[in-house]
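With the numbering used here, the residue at position 32 of the sequence shown is 24, and numbering never jumps.
Using N, Cα and C, we set each Cβ at its ideal position, and we do this for glycine too.
To keep things clear, I will list the structure first and then write my remarks on it.
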Amino acid sequence: GGNVTVAITLPEGLRQQPLRLNLISADGRLVQEEMVSMERKDGADTFSLPLPRSPLTPGIYMLHLSTPDTWLAATKLVVQ
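Here it is in structure tokens:
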């Protein structure tokens, strides 16, 4: 277990909303889906993603961030 902290910039109005975060493997499989909340840290928006209990297979994953009706951002996560 543990957390991964990711910094991302969001429009002001979205910072108070709960956001859906999907972790997707390189083969397109949904590995994890979480509702997350943003925090302000040193002027940057960050969120913590709780990692799955079972270890992630090394490789490249995509993190997709969205509200219930709007896709917001994506970033790569490399697991070694």
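Buried/exposed call for Leu55, threshold 16 Cβ in 10 Å: When all chains shown are included, Leu55 counts as buried.
Taking 7 Å as the cut-off, is the beta-carbon of Asn14 closer than that to any non-hydrogen atom of the ligand SAM? Looking for the ligand SAM in the displayed structure turns up nothing, as the structure carries no ligands at all.
Bridge partners for Ala65 per DSSP, in chain order? According to DSSP, residue pairing for Ala65 in a beta bridge involves Leu57.
Beta-bridge pairing of Ser17 - partner residues as DSSP gives them: Tyr53, per the DSSP bridge assignment.
Checking 8 Å against the spacing of the C-beta atoms, do Tyr53 and Val28 come in under that value? Against a cut-off of 8 Å, the Cβ pair of Val28 and Tyr53 comes out as no contact.
Three-state secondary structure (DSSP) at Leu22? DSSP, read as helix, strand or coil, puts Leu22 in strand.
What did DSSP end up calling Leu48 once you bin it into helix, strand or coil? Of the three classes helix, strand and coil, the one that applies to Leu48 here is coil, per DSSP.
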